[in-house]
Amino acid sequence: MSPSVTGREKNIEHKFVLSELSRRGGVLLSVAIPLSPNIMIAGTKLDFITYHFDSYQQKWLSDTKMYWLQLASYLLYYLLFIINCCEANESIAVLANDVSRDEKKFLIYDVNYGEGFNLRRDVFMRIANTVRILRERGYNYVLVLPPWGGLYHWRKHHLKVPWSKFFHIQSINEFVPVIEFHRFLKETNYDVIDEVLYLQGYAEGWTGGKYEIKYDQRNCIINDPHYKFIGGLWKGWFFSFENIYARKFSCISIQGDSETLANMIQRDHHHANSLMIDRAETVLHSHFGDFYYWEARRSMRYAEHLRLVADEFRQKRLNSNDRRDGTLISDSWKTTRKEHGEAQGGDYICVHWRRRDFVRSHSADIPSISGTAEQIVVILRKENLTTLYLCTDASTAEVATLTSLLPYDVQVERFLNDSSLNDGEVSIVDQWICAHARYFIGTHTSTFSYRIQEDREILGFEPAKTFNRLCPDGETDCEQPAKWTIVYKESPSRY
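Here the sequence shown is numbered in full-length UniProt numbering, starting from 1 and rising by one per residue.
Pasting the structure below:
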């Protein structure tokens, strides 16, 4: 029987037997290993590994030398299996509650070019919940993670950046099975993508001014220049990878959420083994802030190397560490549950000071440089602190001006990249440092600030120390961010 990773084998009650006829002397080497009923062993390309789920009575060799040869061979084969099957931090998980035995299908997605890093993280949660819904209905979908690159806000030109650069993939796998795009290509032998669905709104807008859940195949409102019909196949952007094509392409007008998308796929497109959803930001959250929202968000733990960089900075420059700050968390997000107020944070405040395009597009909602300095001083005095961690996209001149307006006893710290990290990695280091501050204040409508607020909810800070924003000049009590506090599965639903 050939190896399979298309679904979880629920009733593995027998034994896994690894056998190989040694080329040296024709000796049969075999090892029987008992497995728990909930373990799924991933398939591998190694020819000498086979799976047997039949009852097997191990016959131990009487010769001592052969016993040790047998054991050594098993260890060698097991090591090769691990190396070949599981690249670091990129494995595909098969969840314990999976019941689908159907053929594995892949759901790929992309987002509008103009959307930034932190909005894209939010779109991931919407599509991940679509995959969750489909899997709960018995469809064996794996979510393909779209490579990062070509983002408008990034100052450096990065392409084909895998998710493992930013996130701990095995943690995400505990929510839904995922695979990096380059590994998806290898697994499917670079085959043509079956179908691309390009999401759009309705040309006529809301019917009667009323928003209703619906979807229809329509003519494309805007002809995306990235998609061209060449030689009977569709050529697209496909994350800058060459020689990637799709068999079918169609535009779908949709008003709905993660569940609406799941319904559409189940009804009209479940036949496609590889299905790509473009302009996925068109889809909304089914229930913003419910426990499925938070499960998806909690699974998005940052890559270990970025947490280490941030934690080292905290220790050296801010005298902050998890034990002292009350921000220790379990190795798995599933076993991490912090109560509000459990986290105290380091002896510093963090200000996310958004500038650049916000100065033009949101000038009425943000303070001037001097107004920012005044608010920082008020917060520092209220918290009885003298250290500011400044997280900003402001120019060097703007930062210098702000610093000059602060009292002489205020220590200003920033994480300055030494070019070893890309723009997305730097933003996560900034966010992780801000997430551990005693007090956080962000910028109005900034998705960067939203992600920090979510991190602080996961760590267990008091909402009053988290959901704050810089006010425009002259407004001392401007409207503060909505307090979307964390919800756990066993908690009463907001809906």
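For every residue, glycine included, the Cβ atom is placed at its ideal position computed from N, Cα and C.
Beta-carbon contacts of residue i that lie in its chain and below 8 Å, excluding the five residues immediately before and after
i, result
"W234", "V196, Y227, K228, Y245, A246, R247, K248 and F249"
"residue 503", "Residue 503 is absent from the structure shown; the chain starts at 1 and stops at 495."
"I252", "L197, Y198, L199, Q200, Y215, D216, Q217, R218 and M264"
"T445", "H362 and D365"
Rounded C-alpha distance that separates residue i from residue j
i, j, result
"T130", "A262", "5 Å"
"K104", "E342", "42 Å"
"G346", "V429", "16 Å"
"S395", "L416", "13 Å"
"R137", "S258", "14 Å"
"D357", "H153", "10 Å"
"Q200", "N112", "11 Å"
"E462", "K382", "16 Å"
"D322", "V192", "47 Å"
"K316", "L107", "43 Å"
"Q431", "D365", "22 Å"
"T188", "D290", "35 Å"
"H352", "T401", "16 Å"
"T327", "G236", "44 Å"
"D268", "T260", "12 Å"
"A482", "K186", "44 Å"
"F467", "C350", "12 Å"
"L119", "M125", "10 Å"
"E242", "F181", "13 Å"
"G371", "T485", "29 Å"
"G232", "S420", "43 Å"
Buried or exposed (CB count within 10 angstroms, at least 16 for buried), residue i
i, result
"R298", "buried"
"I458", "buried"
"S361", "exposed"
"T207", "exposed"
"P407", "exposed"
"L143", "buried"
"E339", "exposed"
"T476", "exposed"
"I222", "exposed"
"I230", "exposed"
"E281", "buried"
"E479", "exposed"
"L159", "exposed"
Residues of its chain near residue i, where Cβ-Cβ distance is below 7 Å and the 5 sequence neighbours each way are ignored
i, result
"V410", "L380, T386 and L388"
"A435", "I452, D455, R456 and L459"
"F238", "I244"
"R155", "D423"
"T403", "V412"
"residue 519", "The question about residue 519 has no answer here: the residues shown for the chain are numbered 1 through 495."
DSSP state of residue i mapped onto helix, strand, coil
i, result
"Q255", "strand"
"R23", "Unreliable placement is indicated for R23, whose pLDDT of 32 sits below 50; the coordinate value is still reported in the next sentence. Three-state result, R23: coil."
"T466", "coil"
"V487", "coil"
"E174", "coil"
"T445", "coil"
"E180", "strand"
"S361", "helix"
"E195", "strand"
"L330", "Strictly speaking, residue 330 in this sequence is Ser, with Leu absent from that position. Correct three-state label for S330: coil."
"S370", "helix"
"C391", "strand"
"Y109", "strand"
"residue 540", "This structure does not reach residue 540, given that the chain is present from 1 up to 495, and the question cannot be answered."
"H352", "strand"
Same chain, Cβ closer than 6 Å to residue i, five either side skipped, listed in chain order
i, result
"residue 503", "The structure shown does not extend to residue 503, since the chain is modelled only from 1 through 495, so no value can be given for it."
Distance cut-off 7 Å: residue i Cβ against heavy atoms of the ligand NAP
i, result
"D110", "The ligand NAP is not part of this structure, which contains no ligands at all."
Test item: CB-CB of residue i and residue j under 8 Å
i, j, result
"E212", "Q255", "yes"
"A464", "A296", "no"
"G116", "T447", "yes"
"I369", "E413", "no"
"A310", "I433", "yes"
"R438", "Q344", "yes"
"Y109", "P146", "yes"
"V487", "W294", "yes"
"D194", "S274", "yes"
"H270", "Y139", "yes"
CB contact below 8 Å: residue i versus chain B
i, result
"R155", "Going by chain labels, chain B is absent from the structure shown, which holds only one protein chain."
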